[in-house]
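J.:
Residue numbers (the working numbering): 548 to 843.
As structure tokens, then:
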């Protein structure tokens, strides 16, 4: 059909598009793009993906296009279980590629209001850089989306989620059964974490923005309390990635928290909002003090 596969990647981190030329399988396994839009597709390349299911948006010559995809590529018309969605963008005919369980629209997961977008969650977990066997804790776990994405890395991580909401934990427990069965859940206040001092390697969490969940007034007390506990439980070589749209308050709260520093802020977009992922670790002073304590 065409000589190459050219795909526009919706890159959340830089809010830009990248072009990709390569195997469809690599695109299907991508966890950092919301929509992969194929501008051109090679028949031989496409045939390397087994049993591709597709659907077609209402387009001109819809059924003719269906027959061509089935005959030439061996794809299966599967409107309710597709991996490729054929649609139109202006004068272009696009093939949107992506496994259903990574899609914010079709993810077979329990969800609650303000649940983390799975694609944002995957990006946050990548920022956390968890290493094999490490303890990863989400103190505002909600339905457990961040834990699901951490488990998907396949690094034998020890996953623990906490939330003060019984409804949230019920959703997380439903997802835990199939998506992170070796993880643990606990009902707990993020300002009083039921964890030993300096026992957590990585913290990843989508905390209340004060819009859909909570309020800015509540965050004035919540953020400092959470960060104080984060400073207590995080190991000296630990790292935290925290998502919020109450940015000024969070930055100010980090500055007032002893032992923590802001490494990087990454602006994102989700659900009509533009929150930031804040990447934190220990201050140099805290690490030096810990080193002196160990030498005694």
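The beta-carbon is built from N, C-alpha and C at its ideal position, and this holds for glycine as well.
Is residue 550 helix, strand or coil by DSSP?
T.: Low local confidence applies: a pLDDT of 26 at residue 550 is under 50, so the model's placement there is unreliable, and no value is given.
J.: Please go through the region 664 to 752 and give each complete beta strand (DSSP E) segment of 3 or more residues, from N-terminal end onward.
T.: For the region 664 to 752, whole beta strand (DSSP E) runs of length 3 or above, ordered along the chain, are 682 to 685, 705 to 710 and 731 to 734.
J.: Could you pull the DSSP bridge partners for residue 823 from this structure?
T.: DSSP output for residue 823 lists 791 and 814 as bridge partner(s).
J.: In the DSSP assignment, the beta strand (DSSP E) including residue 600 goes from what residue to what residue?
T.: From DSSP, the beta strand (DSSP E) with residue 600 extends over 600 to 603.
J.: Nearest to residue 788 by CA position, among 764, 777 and 740, is which residue?
T.: Of 764, 777 and 740, the residue nearest in Cα terms is 777.
J.: When you compare the region 680 to 696 with the region 746 to 765, are there three or more beta-carbon pairs, one atom per stretch, that lie closer than 8 Å?
T.: As far as the Cβ criterion goes, the region 680 to 696 touches the region 746 to 765, which means the pair count is three or higher.
J.: Quick check on DSSP: helix, strand or coil for residue 628?
T.: Coil at residue 628, not helix or strand.
J.: Per DSSP, what kind of secondary structure is residue 623 in: helix, strand or coil?
T.: Strand.
J.: Based on Cα-Cα distance, which residue from 598, 723 and 603 lies nearest to residue 658?
T.: Checked all of 598, 723 and 603; the closest Cα to residue 658 is 723.
J.: Would you give the residue range spanned by the alpha helix (DSSP H) that residue 764 belongs to?
T.: Residue 764 -> alpha helix (DSSP H) spans 763 to 780.
J.: Assign residue 642 to one of three DSSP states: helix, strand, or coil.
T.: Here residue 642 sits in strand by DSSP.
J.: Output the distance between the C-alpha atoms of residue 709 and residue 818, rounded to the nearest integer angstrom.
T.: So the two alpha carbons sit approximately 24 Å from each other.
J.: What do you get for residue 629, buried or exposed, if any count of 16 or more other CB atoms within 10 angstroms of its CB means buried?
T.: It is buried - the Cβ of residue 629 has at least 16 other Cβ atoms within 10 Å.
J.: Can you give me the C-alpha to C-alpha distance between residue 743 and residue 603, rounded to a whole angstrom?
T.: Distance between the alpha carbons of residue 743 and residue 603 is about 53 Å.
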